[in-house]
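Trainee: Quick note: the sequence shown, position 486, residue 486 per full-length UniProt numbering, numbers continuous.
Glycine included, each C-beta is placed from N, C-alpha and C at the ideal position.
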Amino acid sequence: MWRSFRLSGLKLKTSFPGTEFQRLSSTSSRRGSGKVIVSLFATTGLGLTGAIVYGKYDPKFKDLLQENIPYVSYIYKWFPEEDQKSTSPRKESAAELKDVAVSDSLLKKKLDREKAAATEVKRPTVEPQTRKPGAIAQTSDDTKKDSTVKKSEIKLEPRVELSEKAEHSDTFKETAVSDMLKKLEKSSEETVAIHMSAVKAIKNYTKKLYEALDIPEGKDGDIVWKEASSAGSEKAEALKLAERKASDTKAIIEKLQVDLKNIAEKDAKSPLLKTGEVLISEVKKRIQNAEAELSSAETEARTATEYQNLVNTSKEQFRKELQIVLPNYIHGDKSKTMTESDLNLLIAHAHRRIEQLQKQLAKQQVTEKFRVDEAVRQQKMQDEKVAESKVEAELERRHLDLETAIANRVAALKENFEVELRQQLRRQAAAHADHIQEVLKVQEQELERKHCLELEEKLLHQKGVFISEVSGNMARLKGILTYLKAKGEFDKLSKSAQSLWLACQAMSDKIEADKSGELYPLSKEIAAVKLSASEDNEFINSVLASIPSKAVTRGVYTSEDLKQRFFQNVKPVCRKVALIDENNDSLYRYLLSYLQSFLTVDVASIPKEELSGKVAVDPSEWDTFDILSRISYCLKINDMEQALRYANQLRGEPRVVATDFINEVRLLLETR
């Protein structure tokens with residue numbers, strides 16, 4: 001195969017000589033335009049042929065040709081498949097040889113540098129102080145050698161790790177394939193067993209159906225028909241299970257074929273390939289035989305079903321004919337007897353029916369004979385196809401064995417060629433390494449001189465940069481200190497504001513807390529607020545000074561207490577004295593006002609425009625009941641300020657009754 005590869009390479013080289021192109025171009029200029037066209041077509045054909053041949057050995061170039069030039073894929077089908085198989089090992093061997101050459105050269109460089117380092121260590125290191133540049137050059141040389149040695153070690157270690165990972169993945173794949181082979185063997189046995197059980201179920205159903213058809217109608221017949229129906233359901237379940245299991249086994253076979261193909265691409269000598277192929281062919285044969293037997297049983301079952309349909313049809317037809325011949329006779333009615341004329345009619349109809357059936361039987365026999373002959377002919381053709389398929393399978397197996405032998409031979413030749421090529425590459429790598437070593441020494445001296453100059457310049461530059469950075473950092477540090485100082489003052493103010501808010505919230509909660517009518521002084525809460533605020537805060541001091549002294553010493557009622565007081569005490573009394581004005585009228589007026597309180601109903605609601613102040617109102621138009629209903633509505637919606645405004649509109653005796661309530665509401669609002 002290597003010889004054929006070299007010959008094809010020589011053909012490619014000789015198919016495009018430069019002299020022929022020059023000669024074609026020179027002669028084309030002298031001759032007519034027809035010669036130019038012919039030469040262009042010839043050049044295009046030669047170029048296309050060379051590109052197609054090169055694409056046979058380069059898959060990437062082949063894909064590029066197939067994408068850009070139509071019908072190239074049909075041309076590649078005419079090439080033998082042996083070229084495609086030989087390209088991949090050739091590329092792999094070239095890559096492996098390249099890696100080996102690189103690794104050998106790196107190892108040799110590493111050993112030479114280690115020897116040079118050992119000889120330099122043995123030399124005396126005491127030198128005069130005046131030779132500072134030489135010392136700098138020696139240290140830089142040592143550092144460079146160490147770095148090159150480390151780089152070579154770093155380059156070699158990943159290659160070893162990759163090879164170990166590849167070997168581990170290959171062993172893992174082989175283990176998975178062996179496990180899948182066992183799984184396939186087990187699954188095939190289960191599939192065949194399930195198919196056999198399905199065949200038994202179908203045969204049982206066929207047997208029960210024939211038994212039910214043979215038994216006349218009656219109680220025993222009903223029992224047999226029930227057994228046949230249950231056998232039919234068992235047959236359907238067995239067929240579903242067999243089909244599902246067969247599909248699972250075929251899926252395992254497809255997956256195993258893909259894995260075997262991947263293994264064959266990496267190692268064509270793997271023993272798993274032959275074992276897997278043999279097992280797959282055996283499993284396929286088993287499944288095909290089981291499916292054939294199942295198909296035969298299904299055919300028998302379909303025949304029995306058709307027979308059942310025919311029997312039912314004939315019975316129904318007989319009933320119809322009997323109804324036509326004997327309209328007065330009811331089939332199955334044993335109470336009525338048939339007359340002599342009815343019997344004669346029935347016998348005559350039976351004779352005619354027998355003659356018809358004999359004719360149909362003769363015709364059916366002729367037809368069935370023709371069908372049997374046709375079925376025999378089809379079976380012979382099918383047997384011939386099976387024989388051809390078996391012959392093709394055997395030829396394919398022989399072809400596979402031949403390909404395996406050829407692959408083994410190619411692998412042996414490849415190994416010998418690789419050994420020879422490695423030796424030549426090692427010699428070339430050694431010579432190349434010596435030449436590179438000499439060139440590197442010259443470049444090393446030149447780079448050391450440049451390095452010293454660049455180092456001095458960079459030190460001066462870095463010194464200036466460092467000084468500028470230090471000054472900038474000092475300015476930033478001062479800004480940070482200023483920020484921290486301002487942040488401390490802000491935290492102090494926020495903490496005092498937080499404590500002030502908590503004290504005010506505690507005082508507000510105490511004012512609104514449910515105290516069940518009891519009063520508590522607010523002096524402690526006011527003292528806590530003063531303590532939380534600073535002494536020079538004029539706003540807080542003025543707010544605390546505006547709190548009524550009565551609220552400080554005695555306390556205030558909550559809004560709920562005031563609501564309860566109004567609805568339970570103030571409102572009923574005010575309704576009873578609604579007609580009493582400032583003059584304190586007679587007892588008759590008191591009695592009339594008392595009666596009016598029972599007959600007057602409160603207003604359901606107050607207009608929103610009145611509450612929001614959008615509409616001007618005249619309080620003089622309101623009576624005591626209107627004012628009380630407005631106060632009640634405002635208290636229900638927790639609008640204490642509006643309720644106080646309405647309460648201030650009371651006059652006469654109701655104002656006297658509600659005076660304490662008005663004062664307490666005013667005290668609560670002022671304290672808030």
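#1: With residue 650 and residue 566 assumed to form a contact (beta carbons below 8 Å), what rounded beta-carbon distance in angstroms separates them?
#2: Measure the CB-CB distance between residue 643 and residue 630 and report whether it falls below 9 Å.
#3: Please report how far the alpha carbon of residue 463 lies from the alpha carbon of residue 445, in whole angstroms.
#4: Can you list, in chain order, the residues of its chain whose CB lies under 6 Å from that of residue 206, leaving out five sequence neighbours each side?
#5: Keeping to the same chain, check which residues put their C-beta closer than 7 Å to that of residue 658; ignore five residues upstream and five downstream.
#6: What are the boundary residues of the alpha helix (DSSP H) that residue 299 is part of?
#7: Just the Cα atoms here: how many angstroms apart are residue 314 and residue 351?
#8: Taking C-beta to C-beta, are residue 544 and residue 578 nearer than 9 Å?
#9: Could you give the first and the last residue of the continuous alpha helix (DSSP H) run that contains residue 575?
#10: How is residue 637 classed by DSSP in three states: helix, strand or coil?
#11: So, helix, strand or coil for residue 501, using DSSP?
#12: Can you tell which of 62, 284, 461 has the C-alpha that lies nearest to the C-alpha of residue 189?
#13: When burial is assigned at 16 or more other CB atoms within 10 Å of the CB, is residue 223 buried or exposed?
#14: Is the Cβ-Cβ distance between residue 197 and residue 228 less than 9 Å?
#15: What are the boundary residues of the alpha helix (DSSP H) that includes residue 656?
#16: Nearest by alpha-carbon distance to residue 270: which of 455, 493, 447, 178 is it?
#17: Return the chain-ordered list of same chain residues with a C-beta closer than 8 Å to the C-beta of residue 424, the five sequence neighbours on each side being excluded.
#18: Got a sec, what are the start and stop residues for the alpha helix (DSSP H) residue 623 sits in?
#19: Applying the criterion that 16 or more other CB atoms from any shown protein chain within 10 Å of the CB defines a buried residue, is residue 430 buried or exposed?
#20: So what's residue 583 in DSSP terms, helix, strand or just coil?
#21: Can you tell me whether DSSP reads residue 228 as helix, strand or coil?
#22: Roughly how many whole angstroms lie between the Cα atoms of residue 147 and residue 447?
#23: DSSP state of residue 473, grouped into three classes?
#24: Determine the burial state of residue 665: buried for a count of at least 16 other Cβ atoms within 10 Å of its Cβ, exposed for fewer.
#25: What are the boundary residues of the alpha helix (DSSP H) that residue 650 is part of?
#26: Consult DSSP for residue 630 and reduce its assignment to one of helix, strand or coil.
#27: Under a three-way DSSP split, which group does residue 347 fall into?
#28: Can you tell which of 616, 294, 187 has its C-alpha closest to the C-alpha of residue 236?
#29: Residue 353 to residue 320, Cα distance in whole Å?
#30: For residue 653, count neighbouring Cβ atoms within 10 angstroms of its own Cβ and tell me buried if that reaches 16, exposed if not.
#31: Within the same chain, show all residues whose beta-carbon is closer than 7 Å to that of residue 248, passing over the 5 residues directly before and after it, in chain order.
#32: Would DSSP call residue 268 helix, strand or coil?
#33: Out of curiosity, what's the CA-to-CA distance linking residue 489 and residue 452?
#34: Is residue 195 closer than 9 Å to residue 280 when the C-beta atoms are compared?
#35: Just checking my contact of residue 252 with residue 180 at CB under 8 Å: how many whole Å lie between their CB atoms?
#36: So, is residue 405 buried or exposed, given that buried needs 16 or more other C-beta atoms within 10 angstroms?
Mentor: Walking through what the data contain:
#1: Within the sequence shown, residue 650 is the residue found at index 650, counting from 1. Within the sequence shown, residue 566 is the residue found at index 566, counting from 1. Rounded, the Cβ-Cβ distance is 12 Å, inconsistent with contact.
#2: The sequence position of residue 643 within the sequence shown is 643, counting from 1. The sequence position of residue 630 within the sequence shown is 630, counting from 1. Cβ distance < 9 Å, so residue 643 and residue 630 count as in contact.
#3: In the sequence shown, the residue the question calls residue 463 occupies position 463. In the sequence shown, the residue the question calls residue 445 occupies position 445. Each residue's Cα considered, the two are about 27 Å apart.
#4: Here residue 206 is taken as the residue at index 206 of the sequence shown, counted from 1. Answer for residue 206: 300, 301, 304, listed in chain order.
#5: In the sequence shown, counting from the first residue as 1, residue 658 sits at position 658. Same-chain partners within the cutoff: 570, 574, 647, 650.
#6: As a first step, residue 299 is located in the sequence shown; it is residue number 299 there, counting from the start. Looking at the DSSP string, the run of the alpha helix (DSSP H) that includes residue 299 is 271 to 325.
#7: In the sequence shown, the residue the question calls residue 314 occupies position 314. In the sequence shown, the residue the question calls residue 351 occupies position 351. Going by the C-alpha atoms only, they are around 17 Å apart.
#8: Start at 1 with the first residue of the sequence shown, and residue 544 comes out as number 544. Start at 1 with the first residue of the sequence shown, and residue 578 comes out as number 578. No. Outside cutoff.
#9: Within the sequence shown, residue 575 is the residue found at index 575, counting from 1. Looking at the DSSP string, the run of the alpha helix (DSSP H) that includes residue 575 is 571 to 576.
#10: Looking up residue 637 in the sequence shown gives position 637. Three-state result, residue 637: coil.
#11: Along the sequence shown, read from residue 1 onward, the residue named residue 501 stands at position 501. If DSSP states are grouped into helix, strand and coil, residue 501 belongs with the helices.
#12: If you number the sequence shown from 1, residue 189 lands on position 189. When only C-alpha atoms are compared, the closest one is 284.
#13: If you number the sequence shown from 1, residue 223 lands on position 223. The residue in question, residue 223, is exposed, as its Cβ has fewer than 16 Cβ neighbours within 10 Å.
#14: Residue numbering aside, residue 197 sits at position 197 when the sequence shown is read from its first letter. Residue numbering aside, residue 228 sits at position 228 when the sequence shown is read from its first letter. Not a contact, by the Cβ cut-off of 9 Å.
#15: Here residue 656 is taken as the residue at index 656 of the sequence shown, counted from 1. Taken as a continuous stretch (DSSP letters only), the alpha helix (DSSP H) holding residue 656 covers 653 to 657.
#16: As a working note, residue 270 is residue 270 in the sequence shown. For the residues 455, 493, 447, 178, the minimum Cα distance to residue 270 belongs to 178.
#17: Taking the sequence shown and counting its residues from 1, the one referred to as residue 424 is at position 424. There are no such residues.
#18: Reading the sequence shown from its first residue, position 623 is the one you call residue 623. Careful: residue 623 lies outside any alpha helix (DSSP H) and carries neither H nor E.
#19: Translated into positions along the sequence shown, residue 430 becomes position 430. Residue environment: residue 430 is assigned as exposed (fewer than 16 neighbouring CB atoms within 10 Å of its CB, all protein chains considered).
#20: By 1-based counting over the sequence shown, the position of residue 583 is 583. Of the three classes helix, strand and coil, the one that applies to residue 583 here is coil, per DSSP.
#21: Position 228 of the sequence shown holds residue 228. In the structure shown, residue 228 adopts helical secondary structure according to DSSP, grouped into three states.
#22: Counting from 1 along the sequence shown, the entry for residue 147 is found at position 147. Counting from 1 along the sequence shown, the entry for residue 447 is found at position 447. Low per-residue confidence applies at residue 147: pLDDT is 45, beneath 50, and the placement is therefore not dependable, though the value from the model is reported in the following sentence. Cα-Cα distance, rounded: 16 Å.
#23: As a first step, residue 473 is located in the sequence shown; it is residue number 473 there, counting from the start. In this structure, residue 473 counts as helix in the three-state DSSP scheme.
#24: Taking the sequence shown and counting its residues from 1, the one referred to as residue 665 is at position 665. So residue 665 counts as buried.
#25: For the purposes of this step, residue 650 is taken as the residue at position 650 of the sequence shown. Taken as a continuous stretch (DSSP letters only), residue 650 belongs to no alpha helix (DSSP H), as it is neither H nor E.
#26: Numbered from 1 along the sequence shown, position 630 holds the residue referred to as residue 630. Helix.
#27: Locating residue 347 in the sequence shown gives position 347, where the first residue counts as 1. Taken through DSSP and simplified to helix, strand or coil, residue 347 comes out as helix.
#28: By one-based count along the sequence shown, residue 236 stands at place 236. Closest option to residue 236, Cα to Cα, is 294.
#29: On the sequence shown, residue 353 is found 353 positions in, with the first residue counted as 1. On the sequence shown, residue 320 is found 320 positions in, with the first residue counted as 1. If you take the alpha carbons of residue 353 and residue 320, they lie about 13 Å apart.
#30: Position 653 of the sequence shown, counted from the start, is the residue given in the question as residue 653. Answer is buried; the Cβ neighbour count reaches 16.
#31: Residue mapping note: residue 248 aligns to position 248 of the sequence shown, counting from 1. Hits under 7 Å: 187.
#32: Reading the sequence shown from its first residue, position 268 is the one you call residue 268. Correct three-state label for residue 268: coil.
#33: On the sequence shown, position 489 is the one that residue 489 refers to. On the sequence shown, position 452 is the one that residue 452 refers to. Distance between the alpha carbons of residue 489 and residue 452 is about 55 Å.
#34: Residue 280 sits at position 280 when you count from the first residue of the sequence shown. Residue 195 sits at position 195 when you count from the first residue of the sequence shown. It is not a contact, given that the beta carbons lie outside the stated cut-off.
#35: Position 252 of the sequence shown, counting from 1, holds the residue named residue 252. Position 180 of the sequence shown, counting from 1, holds the residue named residue 180. Yes, they are in contact, since the Cβ atoms of residue 252 and residue 180 sit about 7 Å apart, within 8 Å.
#36: Counted from its first residue, the sequence shown places residue 405 at position 405. Classification for residue 405: exposed.
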